[in-house]
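**Q** The sequence shown lines up with residues 27 to 517 when you count with the numbering used here.
Every residue, glycine too, gets a C-beta built ideally from N, C-alpha and C.
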Amino acid sequence: MNHHPFRHLPLLLLALGLSSPSASAQSLGAPPPTPSSSTQPTRSLPLAVPPGTFLGGVPTGELTTAVEKLTVVSAISRALEHNLGVLTSEQNYGKAQGARTRVLSELLPNINGRVSETRQTLNLAAFGFGSGADSPFGNIPLVIGPFNVFDARVFLSQTVLDFGALNNSRAEAHNVEAARLTFRSARDYVIHVAGNLFVQALAASARADAARAQQETARTLHQQAIDLKTSGIIAGIDVLRAEVQLSTQTQRTTNAVNEFEKMKLQLARVIGLPLGQRFDLDPALPGLPVPDISIESAVTLAYNTRPDYKAALERVSAAEATRKSIVGDALPAVHIDANYGAIGLSPSDARATFAVAGAVNVPIFQGNRTRGRLVEADADIRNRRAEADDLKASIYYEVRAAFLDLDATATQLALATKTRDLADQQLTQARDRFAAGIANNVEVVQAQDAVAVAAEQFIAAQYGYDLAKGALIRGTGTSEELLRQILGGSR
């Protein structure tokens, strides 16, 4: 039986951080595992960007007629540059930086300039001036003008002390850091998604190759049954049974090849390949040893390195700073306003003038507005803390589950390898007995089914073992660091 090079596929995937085989396969569109396949719990990564966004990508590059050879590292590298989830997270980071810059403007000087020239008349009576014998101003005309007023002036406004604006800028600084860490988390997550899809595509390729080999075996056995029937050694029922088995294996092959092609399409979309670009998968994967680390050390490492957890803590700090800014808005604030310029009837006779005013604004009553804002802020702080605590617990369980999966899948892989070899031997002996006329082909059909099940168990066990190693790497937050090592430097 032809065994696909998928048996070597361990590693990169895990180097690049993946989650459970069954959950990831189904959530990303792979065929569900057979009852004999190992299943493991779903793990998710909290992100500001919806997880479904990471299944999209921006097609980039020139379409070529050549068949591109795609390695798992090149697939991940393309995903880091063109995946929609990463691009969206990067833009969210930029928006957070813009928001902080805008808030900082409230603490920085605001300078404006204005040049104006006005021609006007004035009705002095509108300002309380009168004329006649009883007027203290004498017989002055009530309407004066027209006359010109030229004014060129620079205005300055500066916040001297504003606790609300100060803490608001601190809150935005925490939001910017949270957005930066979320961007890092998005990169880790897309490493997981792209690597997962690549290995699922390799698994689908392995299943397709196994199905083709089983189809070829069924075709050979069908022809053998026809020959034995012609020689009068077996009954016609054996030929019919062999024909049914051939039809069944042909359907399995069609389904397996179709699933493989669909997995390739999904991978191409995630990594942003040009539309219609043909490519093949390179089954060679970088080797990855089983991480030599204790559960306690792995959990501690995850708490110290996971960008999503750090981002959650930054969001808590931002919520706390926002509350302080609300309290600060209810405290006195000191501002300075000044202007300097020249004013006159025309530019030639304008004279320099200035004005400086300092003001202390003291909020007295705002209709419980501050109280309402504080209630909202306290609720937001509790939510942020709950989210951080939940994520911390999720990381703990994720790491422990990865260790359990490592132990379980290592055992399953050893058993699946042995079962596959025994199934091959069973099929060989059944074919020999059938060819010798000792038994009918019921044994052969049963042996063929056993080979198919054993092949699927082997692929699932190999895949699950690799994913368990990757889940541990991703759980500790070292996916991108490992990718840099594979690429031979920083990226």
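Check whether the Cβ atoms of Asn518 and Ala381 sit closer than 8 Å, and answer yes or no.
**A** Because the chain here runs from 27 to 517, residue 518 falls outside it and cannot be looked at.
**Q** Could you pull out every unbroken alpha helix (DSSP H) segment of at least 4 residues lying fully inside the stretch 379-445, listed in chain order?
**A** none
**Q** How many angstroms separate the CA atom of Thr90 from the CA atom of Arg304?
**A** 8 Å
**Q** Within 8 Å, do at least three Cβ pairs link the stretch 503-512 to the stretch 467-478?
**A** no
**Q** Just to confirm, are Gly503 and Thr331 a CB contact at a threshold of 8 Å?
**A** The answer is yes: Cβ separation under 8 Å.
**Q** Tell me the rounded alpha-carbon separation between Ala440 and Asp433.
**A** 11 Å
**Q** Could you pull out every residue in the same chain whose Cβ sits closer than 6 Å to the Cβ of Leu498, ignoring the five residues on either side in sequence?
**A** Pro317 and Ala428
**Q** Please check the pair His218 and Arg426, which I expect to be a contact at CB under 8 Å, by giving their CB distance rounded to whole angstroms.
**A** Wrong, their Cβ atoms sit about 18 Å apart, outside the cutoff.
**Q** Please tell me whether Val186 and Ile362 are closer than 8 Å, where the distance is taken between their beta carbons.
**A** yes
**Q** If you draw a straight line from the C-alpha of Gln483 to the C-alpha of Ala92, how long is it?
**A** Straight-line spacing of the CA atoms in Gln483 and Ala92 works out to 35 Å.
**Q** Are the CB atoms of Val99 and Thr489 within a distance shorter than 8 Å?
**A** Looking at the sequence shown, residue 489 is not Thr but Tyr. Taking 8 Å as the cut-off, the Cβ atoms of Tyr489 and Val99 do not count as close.
**Q** Can you grab the Cα-Cα spacing for the pair Thr60 / Ile485, in whole Å?
**A** Its pLDDT being 35, under 50, Thr60 is placed unreliably by the model, and the measurement read from it follows with that caveat. Straight-line Cα distance between these residues: approximately 11 Å.
**Q** According to DSSP, is Arg267 part of a helix, a strand, or is it coil?
**A** helix
**Q** What span of residues does the alpha helix (DSSP H) with Leu130 cover, start to end?
**A** Per DSSP, the unbroken alpha helix (DSSP H) holding Leu130 starts and ends at Leu110 to Leu130.
**Q** Could you say which of Ala494, Leu327, Leu293 and Pro373 lies nearest to Leu96 if we only look at CA atoms?
**A** Looking only at Ala494, Leu327, Leu293 and Pro373, the smallest Cα-Cα distance to Leu96 is reached by Leu293.
**Q** Counting only the same chain and skipping the five closest in sequence on each side, list residues whose C-beta sits under 6 Å from that of Asn193.
**A** Counting only Cβ-Cβ distances below 6 Å, and skipping sequence neighbours, we find Ala347, Lys350, Ser351 and Gly354.
**Q** Ignore the nearest five residues each way along the sequence and tell me which others in Thr279's own chain have a CB closer than 8 Å to its CB.
**A** Taken in chain order, the residues that qualify are Ala234, Ala237, Arg238, Gln240 and Gln241.
**Q** Under 8 Å, Cβ to Cβ, is there at least one residue of chain D near Val470?
**A** The structure shown contains no chain D, having only a single protein chain.
**Q** Using C-beta distances below 7 Å, list every residue in its chain close to Glu203, excluding the 5 sequence neighbours before and after it, in chain order.
**A** Result list for Glu203: Glu340, in chain order.
**Q** What does a CB cutoff of less than 7 Å around Asn138 pick up in its chain, not counting 5 residues either side in sequence?
**A** Phe181
**Q** Which of the three DSSP states is assigned to Gly367 in this structure?
**A** strand
**Q** Take the Cβ of Leu417 as the centre, count every other Cβ of all protein chains shown within 10 Å, and call the residue buried at 16 or more, exposed below.
**A** buried
**Q** For Thr208, which of helix, strand or coil comes out of DSSP?
**A** helix
**Q** May I ask which residues mark the beginning and end of the beta strand (DSSP E) holding Gln474?
**A** Counted as a single uninterrupted DSSP element, the stretch harbouring Gln474 is not any beta strand (DSSP E) but the alpha helix (DSSP H) occupying residues Val468 to Gly501.
**Q** Taking its Cβ as the centre, do 16 or more other Cβ atoms sit within 10 Å of Ala229, making it buried, or is it exposed?
**A** buried
**Q** Please list the terminal residues of the continuous beta strand (DSSP E) segment that includes Asp188.
**A** Following the DSSP letters along the chain, one finds Asp188 in no beta strand (DSSP E), marked with neither H nor E.
**Q** Suppose contacts are defined by Cβ-Cβ distances below 8 Å. Is Val296 in contact with Gly83 by that definition?
**A** yes
**Q** Indicate the three-state DSSP secondary structure (helix, strand or coil) for Leu508 in the structure shown.
**A** Residue state, collapsed to three classes: helix.
**Q** Where does Tyr423 land, buried or exposed, given buried means 16+ other C-beta within 10 angstroms?
**A** exposed
**Q** Secondary structure at Ile362, three-state DSSP: helix, strand or coil?
**A** strand
**Q** How would you call Gln117, buried or exposed, if buried means at least 16 neighbouring beta carbons within 10 angstroms?
**A** exposed
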